[in-house]
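Participant: Right, I'll just put the structure down here and ask away after.
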Amino acid sequence: MCSFRTEAVVLSKEHIKRVSEHVWEIPKTFRGDMRVSARLYADEGLLDAALSDNSVWQLVNTATLPGVIRHAIAMPDIHQGYGFPIGGVVATCFPEGVISPGGVGYDINCGVRLLVSLSSVENIEPYLGDIASRLYANCPSGVGAHGHLRLSDEELDQVLHEGSRWMLDKVYASREDLDRTEEFGRIPGADAAFVSDRARERGRNQLGTLGAGNHFIEIDRVTEVYDQPTAARLGIYLGNVAVQIHCGSRGLGHQVCEDYVSRFQKTVRDYGIDLPDRELVCAPFDSKEGQEYFHAMACAANFAFANRQLLAHMIRRSFEEVLAGKIKDFELRQVYDIAHNMAKIEEHEVGGRSVRVCVHRKGATRAFGPGSNVLPSDLRDLGQPVLIPGSMGTASYVLMGTTEAMRQTFGSTCHGAGRVMSRAKAKKTVRGNVLREQLKSHGILICAGSMSGLAEEAPVAYKDVSRVVEVVHRLGIGRKVARLEPVAVIKG
Amino acid sequence: MMSFEEVEHTADRAFRVTGRDMASLLENAARAMQALDGPRSAREPSATEEIEVEGVDRESLLVNWLNEILYLEQVRQCVCERFHVAELDNHHLRVRVETHKSDRSRTHIKAVTFHNLHIREVSEGLEAEVVLDV
């Protein structure tokens, strides 16, 4: 028997206990269906922002998932999503705890890739307009956009199973790119037999495309370096060019999520799972249904790694088309590629024992500390690079994962600035063409497919990313390495 | 009375929709989603498609129906109009839809979610609030 409950319990600040300066807890006793307490990592202002919409309520809902371990966690960039809050981290016991497609979201393996060059921004500035135009032409954007590759059924299967590794054979990737990608660009467990024909249809022509919404390609200047030795090891130098790619698994991932969220509406009834929100539908990881979703999710994740890899290739080509023979050292090397919407099986210490758990990160970034054996050998002593994009026109950050993140947050940290204003209100408040001119006057070139889409992503709609990063830095669940500021933005 | 209105949502888009019965709720919800997705122009000739969806209950039917419209409009690049509900019960829906090829492939809705979805009885008939992932 299953039901989806609505409860008229009001959540306010009085229900929240301050555990330390930046850690807040909603105890398990707050609501009868919570299996663990919920913890929110934030300063007081960010907590107040989180309480202004339903995001903390959504966090409490995730504390009801069967098999949830320790705490349901939210990062300082928490904001209202659907099912999980964005900025949510939930680990469930393995293999009998649940996996939730809604806990990963529709854009499976949405993530960020960072490339850097040894050239200064000053050197490329005269060519910036041409580069932005080439990027806009070479990296198609918009929800339904088609890319330059047309994949056969067999090739699509290979991409779904191999991720970025498929790009290595096609010379769209280097060995170094793969080393500098989370999971080396390929999530294990992918099986294309569990990806629907419709998902394949939606994704087939979308490899190498950006998508819409908050997805972007951004050319940045490194404006501050907090830890010079670490930055130098990553190839990051003050004043130099950096390029960020933010996008995910496109229509293929959306359809995988849709297929399984729809199917799991019945599955939760079959397993007698009682949930406060139908978007949280889930299945035991070791059940037939849980396994099938995991196989399909891994395929979509691999598609997303391949997508960002092909975009990186197209960006390198765009730089070459404009800069070859004109300036030196414009080549772009990969710092890292991270996922921020994913469910993964990882080893973590729980109750003094190392155990395998299924970590859902919905708008949260893996932030493994030094010594982790899943990092490439040349980064193992440093920890994992963490990429935190800001809102359009504002700063972004490069952090390193920490031992403290392993201890407190299942090796996770924030993923961005986090919205505070609805898209509808942003469009009423901001005019896209005015915003574009404002950003231009601040030295930021914008190429966007839609002025209303641009308005929705206005900086005023987001929290201050620097404040979010400061909280995770002070908590020790991410260590600041460098700050980037945009000089050109290509919007989906 | 307006059959739908946009509801504030921090990260995504949402609308509240009403209908005198389930068939009109489904139709109005499709129009609400199309309105939030932005204007588009249709080109002749038109074709008639049949959309058939199954669901564990009325909410599932609503989400699966809207996702079908989204699929036709995004992947097949059609505009869907003139919905005629041919069959409807709590688990099954069959609708005839007029489709026109569209010159606009740019849409920003990724999917229709089940977030906090409940179809309620109200004085006008039925009401639901739908969150769209964008």
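Protein sequences appear in the order of chains A and B. Residue numbering for the first sequence follows numbering that gives the first Met the number 0, starting at 0 and increasing by one per position. Residue numbering for the second sequence follows numbering that gives the first Met the number 0, starting at 0 and increasing by one per position. In this text, a Cβ means the ideal position worked out from N, Cα and C, and glycines have one as well.
1. Quick check: the segment 82–94 of chain A against the segment 478–487 of chain A, are at least 3 beta-carbon pairs closer than 8 Å?
2. Should the segment 91–101 of chain A be regarded as contacting the segment 346–362 of chain A, the criterion being three or more beta carbon pairs within less than 8 Å?
3. Could you tell me whether the Cβ atoms of residue 88/A and residue 360/A are closer together than 7 Å?
4. Threshold first: 3 residues or longer. Then list the beta strand (DSSP E) segments lying entirely within the segment 12–57 of chain A, N to C.
5. Check each candidate in 411/A, 401/A, 395/A, 215/A and name the one with the smallest Cα separation from residue 465/A.
6. Between the beta-carbon of residue 108/A and the beta-carbon of residue 404/A, is there less than 7 Å?
7. Exposed or buried, which one is residue 4/A when buried takes at least 16 other CB atoms within 10 Å?
8. Any idea what DSSP makes of residue 206/A, helix, strand or coil?
9. With a floor of 3 residues, list each beta strand (DSSP E) that falls wholly inside the segment 363–442 of chain A, ordered by position along the chain.
10. Per DSSP, which one or two residues make a beta bridge with residue 239/A?
11. With a cut-off of 7 Å, does the C-beta of residue 174/A fall near any C-beta of chain B?
12. Can you confirm whether residue 257/A, when its beta carbon is compared against all beta carbons of chain B, has any partner nearer than 7 Å?
13. Mind checking whether residue 363/A and residue 33/A have CB atoms under 7 Å apart?
14. Three or more beta-carbon pairs under 8 Å between the segment 190–204 of chain A and the segment 61–80 of chain A, yes or no?
15. Measure from the C-beta of residue 387/A to each C-beta in chain B and report whether the shortest distance is under 7 Å.
16. Pairs of beta-carbons, one from the segment 420–434 of chain A and one from the segment 369–381 of chain A, closer than 8 Å: are there three or more?
17. Helix, strand or coil for residue 0/A? Go by DSSP, reduced to three states.
18. Report yes if the CB atom of residue 249/A is closer than 7 Å to the CB atom of residue 212/A, and no otherwise.
19. Less than 8 Å between C-beta atoms, sequence neighbours within five positions excluded: which residues of the same chain meet that for residue 6/A?
20. Beta-carbon within less than 7 Å of residue 109/B's beta-carbon, same chain only, minus the 5 sequence neighbours each way: which residues are those?
21. Please report the residue range of the alpha helix (DSSP H) in which residue 57/B lies.
22. I'd like to know if residue 110/B contacts chain A, where contact means its C-beta is closer than 7 Å to some C-beta of that chain.
23. Does any residue of chain A bring its CB to less than 7 Å from the CB of residue 16/B?
24. Cα-Cα, which of 62/B, 88/B, 32/B is closest to residue 4/B?
25. Which residue or residues does DSSP assign as beta-bridge partners of residue 92/B?
26. If you reduce the DSSP assignment to three classes, tell me which class residue 330/A lands in.
27. Only counting runs of 4 or more residues, tell me where the alpha helix (DSSP H) segments fall wholly within the segment 155–213 of chain A, in order along the chain.
28. Since residue 308/A contacts residue 461/A with CB under 8 Å, what's their CB separation in whole angstroms?
29. Which term fits residue 329/A, buried or exposed, when burial requires 16 or more other beta carbons within 10 angstroms of its beta carbon?
30. Can you give me the C-alpha to C-alpha distance between residue 2/A and residue 245/A, rounded to a whole angstrom?
31. If you run the structure through DSSP and keep just helix, strand and coil, what is residue 483/A?
32. For a test of the three-state rule: what should DSSP assign to residue 454/A, helix, strand or coil?
33. Tell me the residue span of the alpha helix (DSSP H) that contains residue 312/A.
34. Is DSSP giving residue 14/B helix, strand or coil here?
35. Excluding the 5 residues flanking residue 379/A on each side, which residues of the same chain have their C-beta closer than 8 Å to its C-beta?
36. Measure the beta-carbon distance from residue 127/A to residue 489/A and round it to whole angstroms, keeping in mind my assumption that it falls under 8 Å.
Facilitator: Per the coordinate set shown:
1. no
2. yes
3. yes
4. 16–19, 22–25, 36–40
5. 395/A
6. no
7. Reliability of the predicted coordinates at residue 4/A is poor, the pLDDT of 43 falling under 50, and no value is obtained from them.
8. coil
9. 384–387, 395–399
10. 119/A
11. no
12. yes
13. no
14. no
15. no
16. no
17. Interpretation of residue 0/A is limited by its pLDDT of 33, a score under 50 that renders its predicted location unreliable; the figure taken from the coordinates is listed afterwards. It is coil, neither helix nor strand.
18. no
19. Its pLDDT being 49, under 50, residue 6/A is placed unreliably by the model, and the measurement read from it follows with that caveat. The residues are 30, 275.
20. 132, 133
21. 57–73
22. yes
23. no
24. 32/B
25. 52/B, 87/B
26. coil
27. 163–168, 174–178, 196–202
28. With 8 Å as the limit, residue 308/A and residue 461/A do not qualify as a contact, their Cβ atoms being about 28 Å apart.
29. buried
30. Since pLDDT at residue 2/A reaches only 39, below the 50 mark, its modelled position is unreliable, and the value read off the structure follows with that caveat. Spanning the two alpha carbons is a distance of roughly 37 Å.
31. strand
32. helix
33. 287–322
34. strand
35. 369, 370, 371, 372
36. Not really, about 12 Å apart at Cβ, beyond 8 Å.
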